[in-house]
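**Student:**
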Amino acid sequence: MELRKNLAISDTGFVFDATSGESYSLNPIGLEILTYLKNGLKDEEIKEKMLEKYDVDETSFDLVYFDFIRTLQHFDLFERS
Amino acid sequence: MDKISLTIAVSGLNNTDNPGPGIPFIRAIRESGRFELKIIGLAYENLEPGIYMKDMTSRVYKMPYPSEGKKAFLERVKYINSKENIDILIPNLDAELHTVMISEKELDDMGIKTFLPTLKQFGERHKSELEKFGKKYGIKVPRSFPVSSMTDINRIPKDFDYPLMVKGKFYDAHIAYNKEQVLNHFNKISAQWGVPVIIQEFVKGTEVNVIALGDGLGNTIGAVPMRKQYITDKGKAWGGITIDDKNMIELTRNLISAVKWRGGMELELIKTINNEYYLIEINPRLPAWLYLAVGAGQNLPEAMVFMALGKNVEPYTTYDVGKMFVRYSYDMIVDLEDFQKISMNGEV
Chain A
219 MELRKNLAIS
229 DTGFVFDATS
239 GESYSLNPIG
249 LEILTYLKNG
259 LKDEEIKEKM
269 LEKYDVDETS
279 FDLVYFDFIR
289 TLQHFDLFER
299 S
Chain B
-8 MDKISLTIAV
2 SGLNNTDNPG
12 PGIPFIRAIR
22 ESGRFELKII
32 GLAYENLEPG
42 IYMKDMTSRV
52 YKMPYPSEGK
62 KAFLERVKYI
72 NSKENIDILI
82 PNLDAELHTV
92 MISEKELDDM
102 GIKTFLPTLK
112 QFGERHKSEL
122 EKFGKKYGIK
132 VPRSFPVSSM
142 TDINRIPKDF
152 DYPLMVKGKF
162 YDAHIAYNKE
172 QVLNHFNKIS
182 AQWGVPVIIQ
192 EFVKGTEVNV
202 IALGDGLGNT
212 IGAVPMRKQY
222 ITDKGKAWGG
232 ITIDDKNMIE
242 LTRNLISAVK
252 WRGGMELELI
262 KTINNEYYLI
272 EINPRLPAWL
282 YLAVGAGQNL
292 PEAMVFMALG
302 KNVEPYTTYD
312 VGKMFVRYSY
322 DMIVDLEDFQ
332 KISMNGEV
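The listed protein sequences correspond, in order, to chains A and B.
Position one of the first sequence corresponds to residue 219 (this note's numbering), numbered consecutively onward.
Position one of the second sequence corresponds to residue -8 (this note's numbering), numbered consecutively onward.
#1: Please report the distance separating the alpha-carbon of residue 308 of chain B from that of residue 281 of chain A.
#2: Please list the partners that residue 218 of chain B has in chain A, where partner means a Cβ-to-Cβ separation under 7 Å.
#3: Could you tell me which uninterrupted alpha helix (DSSP H) segments, each at least 4 residues in length, are contained entirely in the stretch 87 to 153 of chain B, listed from first to last along the chain?
#4: What is the DSSP secondary structure of residue 17 of chain B, counted as helix, strand or coil?
#5: Going straight from the alpha carbon of residue 221 of chain A to that of residue 147 of chain B, what length do you get?
#6: Hey, does residue 234 of chain A have any beta-carbon neighbour from chain B nearer than 8 Å?
#7: Hey, residue 158 of chain B and residue 189 of chain B: beta-carbon distance below 8 Å or not?
#8: Evaluate residue 260 of chain B with the Cβ neighbour count: other Cβ atoms within 10 Å of its Cβ, from every protein chain shown; 16 or more gives buried, anything less gives exposed.
#9: For the beta strand (DSSP E) that residue 372 of chain B lies in, which residues bound it at each end?
#10: On a CA-only basis, which of B:176, B:15, B:185 is nearest residue 318 of chain B? Give me that one, please.
#11: With respect to the beta strand (DSSP E) encompassing residue 220 of chain B, which residues constitute its N-terminal and C-terminal limits?
#12: Does chain A have any CB closer than 8 Å to the CB of residue 312 of chain B?
#13: What do you reckon, are the CB atoms on residue 97 of chain B and residue 57 of chain B nearer than 8 Å?
#14: Give me the DSSP bridge partner(s) of residue 206 of chain B.
#15: Whole angstroms are fine: how far does the CA of residue 70 of chain B sit from the CA of residue 301 of chain B?
#16: Once DSSP output is grouped into helix, strand and coil, what is the label at residue 269 of chain A?
#17: Check the C-beta distance from residue 30 of chain B over to residue 48 of chain B and give it rounded, since I have them as a contact under 8 Å.
#18: Let me check understanding here. Comparing Cα to Cα, which of B:328, B:312, B:274 lies closest to residue 112 of chain B?
#19: In the DSSP assignment, what are the bridge partners of residue 53 of chain B?
#20: Identify every run of the beta strand (DSSP E) within the stretch 221 to 278 of chain A, keeping only runs that are complete inside it and at least 3 residues long; order them along the chain.
#21: Using the DSSP secondary-structure output, state which residues sit across from residue 200 of chain B in a beta bridge.
#22: Please list, in chain order, the residues of the stretch 243 to 254 of chain B that have any C-beta partner in chain A closer than 7 Å.
#23: Quick check on residue 195 of chain B: does DSSP put it in helix, strand or coil?
#24: Which residues does DSSP list as the beta-bridge partners of residue 29 of chain B?
#25: CA-CA distance, residue 168 of chain B and residue 231 of chain B?
#26: Does DSSP classify residue 296 of chain A as helix, strand or coil?
#27: With three or more C-beta pairs closer than 8 Å as the rule, is the stretch 210 to 224 of chain B touching the stretch 171 to 183 of chain B?
#28: Of all Cβ atoms in chain A, is any one closer than 8 Å to the Cβ of residue 202 of chain B?
#29: Alpha carbon to alpha carbon, what distance is there between residue 224 of chain A and residue 327 of chain B?
#30: Can you check whether the C-beta of residue 224 of chain A is within less than 8 Å of a C-beta belonging to chain B?
#31: Alpha helix (DSSP H) containing residue 184 of chain B: first to last residue?
#32: Using a 10 Å radius around the Cβ and a threshold of 16 neighbouring Cβ atoms, would you call residue 264 of chain B buried or exposed?
#33: Hey, does residue 197 of chain B have any beta-carbon neighbour from chain A nearer than 8 Å?
#34: Considering only the alpha carbon of each residue, which of B:134, B:117, B:161, B:268 lies closest to residue 193 of chain B?
#35: Distance check for residue 291 of chain B and residue 311 of chain B, CA to CA, integer angstroms please.
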């Protein structure tokens, strides 16, 4: 899955979807994940980085991560295949 | 570059919670820097805020209501022109456009230019004709059914599912979830705006709008899409943001090219979850949020003035995405003398 190209992500976690005009606020973890996605990292690569950096077990991470991905899908922030 | 000296008469000074485009239009041409302007305000009500905004208009005249017809309109314009020597007239209210259009020749004889859609263009985009318009130009339009009487309401096709939109021919739109609500809205809207009242299928999605200007030859001089961010209880945008939606721009360009639209317009569209666009209304003039386009890099009022003067205008090809407008209310302190003048003399 590829994030939409005209998604503007600021360092503060403010995200602007230029197609719909919607904007969103992310916490630092959400911002980190979205930045990885924007840079084209795959789910497994993101998981690896996050598990290495934070004190979180794989099951808990998967649960929260895929919930976050579903939220991004819900808001139509991925390119449509 | 030398500035062009112009006297421009502008209506739609009602900067209220249901704002007209007059004041933002004046603001745009004043800020353009290309003109030496004398602005004449045309008002219908004594309390239109633009009457009292001294930095916007040089002088304001009351106008007869459009329902009084062409003769009354032309008599008043003739009087105002004898005092002010108007170069261009910019009508900004839907209800007055028809009268101005059918007076174009007489206005021209007085030396007054306009830049308006043709009567054919104006007629075929009427809400009651929109379905035919959609079919003719290949644009998705929700089905609609004009009603002029209580009896007509019983004739609404059975396959029109609730909720339905009930719309006035010029202004006003309400959602109805059952026949009783259709009746209520019909009574209110027809009392204020007359008939027909239009029953339109409800399309679920996000409301998005495009402001655009056509040169009458099929070219789009400018177009900026916007999503309303804050909508008042009258359905008016109180905040909005420019968006990067190429489909909306393409739809606008195709429409202007097919119709050879002349003048300003606002397309009201619903974007569905499946990324389909339904045209729900075409307003035959620049909208009240026109200053957002100016802020985003397209001074469409300036372009319109040049085209009214018969000059060639280079089309705008870009605009800033993510520019926002946020409206605000502001209390002006007004001398009773001004109110008295406009009330008693019809000019101030």
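Just so you know, even glycine gets a beta-carbon here, dropped at the ideal spot from N, CA and C.
Values in this document were obtained by computation on a predicted structure and should not be read as measured data.
**Tutor:** Straight from the coordinates:
#1: Cα to Cα, residue 308 of chain B sits roughly 46 Å from residue 281 of chain A.
#2: Correct list: 238, 239.
#3: Considered as a whole, the stretch 87 to 153 of chain B harbours 95 to 100, 110 to 115, 121 to 128, 141 to 144 as its complete alpha helix (DSSP H) runs of no fewer than 4 residues, in chain order.
#4: For residue 17 of chain B, the secondary structure class from DSSP, reduced to helix, strand or coil, is helix.
#5: Residue 221 of chain A and residue 147 of chain B: Cα-Cα distance of roughly 45 Å.
#6: Output row for residue 234 of chain A: interface = yes.
#7: Cβ distance < 8 Å, so residue 158 of chain B and residue 189 of chain B count as in contact.
#8: It is buried - the Cβ of residue 260 of chain B has at least 16 other Cβ atoms within 10 Å.
#9: No answer is possible for residue 372 of chain B: the residues shown for chain B start at -8 and end at 339.
#10: For residue 318 of chain B, the closest C-alpha among the options B:176, B:15, B:185 is that of B:15.
#11: That run of the beta strand (DSSP E) goes 211 to 222.
#12: Chain A, which has a Cβ nearer than 8 Å to the Cβ of residue 312 of chain B, makes this yes.
#13: Not in contact: residue 97 of chain B and residue 57 of chain B (Cβ atoms no closer than 8 Å).
#14: Residue pairing by DSSP places residue 206 of chain B opposite B:253 in a beta bridge.
#15: Taking the straight line joining both Cα atoms gives about 25 Å.
#16: Assignment of residue 269 of chain A by DSSP, reduced to helix, strand and coil, places it in the helix class.
#17: Correct: roughly 5 Å between the Cβ atoms.
#18: Comparing Cα positions, the closest option is B:274.
#19: Residue 53 of chain B is bridged to B:34.
#20: The stretch 221 to 278 of chain A is shown to contain whole beta strand (DSSP E) runs of 3 or more residues at 225 to 227, 232 to 235, 241 to 243, in chain order.
#21: Residue pairing from DSSP places residue 200 of chain B in a beta bridge opposite B:217, B:259.
#22: If the cut-off is 7 Å between Cβ atoms, the stretch 243 to 254 of chain B has nothing near chain A.
#23: Here DSSP, grouped into helix, strand and coil, assigns residue 195 of chain B to coil.
#24: DSSP output for residue 29 of chain B lists B:-2 as bridge partner(s).
#25: Rounded to the nearest angstrom, the two C-alpha atoms are 28 Å apart.
#26: Secondary structure of residue 296 of chain A (DSSP, three-state): strand.
#27: The stretch 171 to 183 of chain B is not in contact with the stretch 210 to 224 of chain B.
#28: It does not; no Cβ of chain A falls within 8 Å.
#29: Cα to Cα, the separation comes out at about 53 Å.
#30: Chain B has a Cβ within less than 8 Å of the Cβ of residue 224 of chain A.
#31: Here the alpha helix (DSSP H) through residue 184 of chain B covers 170 to 184.
#32: Residue 264 of chain B sits exposed, since fewer than 16 C-beta atoms from the chains shown fall within 10 Å of its C-beta.
#33: Taking Cβ atoms only, chain A reaches closer than 8 Å to residue 197 of chain B, which makes this a yes.
#34: Comparing C-alpha distances from residue 193 of chain B to each of B:134, B:117, B:161, B:268 shows the shortest one belongs to B:134.
#35: Across the structure, residue 311 of chain B and residue 291 of chain B are spaced so that their CA atoms are roughly 14 Å apart.
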